[in-house]
Amino acid sequence: MKPIRRRLLVALIATGLIVAAVATVGLYGFSRGPAISKSSQSPATGAASADPSTSAPTLPPLPHTDDPLAYSDAVARALFVWDTLSGFTPDDYQSIVSEDADPAGIETSGLVNDLAVYLPTTTQWQQLRLYKTAERLTITRSYIPAAWANEVASAEPSTIRPGTTAVTIEAVRHRSGSWYGSPATTADAVSFTVFVACQPTFPRCHILRLSGLNTPLK
2 MKPIRRRLLV
12 ALIATGLIVA
22 AVATVGLYGF
32 SRGPAISKSS
42 QSPATGAASA
52 DPSTSAPTLP
62 PLPHTDDPLA
72 YSDAVARALF
82 VWDTLSGFTP
92 DDYQSIVSED
102 ADPAGIETSG
112 LVNDLAVYLP
122 TTTQWQQLRL
132 YKTAERLTIT
142 RSYIPAAWAN
152 EVASAEPSTI
162 RPGTTAVTIE
172 AVRHRSGSWY
182 GSPATTADAV
192 SFTVFVACQP
202 TFPRCHILRL
212 SGLNTPLK
């Protein structure tokens, strides 16, 4: 099995990572203070249980499905639905996605680099926790972009693994918390592309790579 066609991925992802590296502070809202909420929000799915007699809580894994759209939506929620008071860390949320990476190992190291810009750092997480920050996601659209369809149509035989698909997600990221003792909220549009491989290469979908945040394929 061969990796996703490099000409497309390298240009897209490298550009996205450069932009993300320069704008990390802006991405997480620190230029205007931690994101906060005007109304109480429910904790992210998988919040830690208060009952000490139960087993250690875990976050739900990505679904086992051969539907690239449903799978990519689940990837988006895994990255953008979290709660700093849940008892989990950024690495815990990131591992939901990284543990479902390309079983062939071809794209795994690249995916780990991609994920670095999608979640707060440990230091940022600690700061956000002071403001009881939680995040949720409203997906407005998920689709296979024309740029990917055109790429597949023009690709040389065997350069793209069968069942490889790009899904672009358009969504609104909502942050809630407490700002100087008062609840408040922020909402920001986000978009990105999830590259997945499904049947017949694998029995079900697995994530390969992510575009840079807000630099999706159209």
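The numbering of the sequence shown is this note's numbering, which starts it at 2 and goes up by one. Just so it is clear, CB atoms sit at the ideal spot from N, CA and C, and this is done for glycine as well. This one's a predicted model, so the numbers in the text were calculated from it and none came from an experiment.
Residue i - containing beta strand (DSSP E), residue span
i	result
A1	Not covered by the structure: residue 1. The range shown for the chain is 2 to 219.
L131	That residue, L131, is in no beta strand (DSSP E); its alpha helix (DSSP H) goes T123 to L131.
A188	S183 to A198
L211	H207 to L211
Contact under 7 angstroms by Cβ, residue i with residue j
i	j	result
L138	A172	yes
S192	A135	no
A167	W149	yes
I208	D74	no
K133	L70	no
R210	F196	yes
L80	Y119	yes
Coil, strand or helix - residue i by DSSP
i	result
S87	coil
R162	coil
A48	Here A48 scores only 42 on pLDDT, less than 50, and its place in the model is too uncertain to base an answer on.
L138	strand
T109	helix
Y144	strand
A57	coil
A156	coil
A150	helix
Residue i to residue j span [Cα, whole Å]
i	j	result
T66	P104	15 angstroms
Y94	T59	10 angstroms
D92	P163	31 angstroms
T169	L218	6 angstroms
T109	G182	42 angstroms
E152	S212	16 angstroms
A198	N215	22 angstroms
S99	L112	7 angstroms
H175	R142	16 angstroms
P61	I97	8 angstroms
G88	V76	21 angstroms
A57	T90	14 angstroms
Outcome for residue i when other beta-carbon atoms lying within 10 angstroms are tallied against a minimum of 16
i	result
T187	buried
L129	buried
L116	buried
R8	Bear in mind that the predicted position of R8 carries a pLDDT of just 46, short of 50, making it unreliable; the figure below should be weighed with that in mind. Exposed: under 16 other Cβ atoms inside 10 Å.
P121	buried
T165	buried
Delimiting residues of the alpha helix (DSSP H) encompassing residue i
i	result
Y72	P69 to F81
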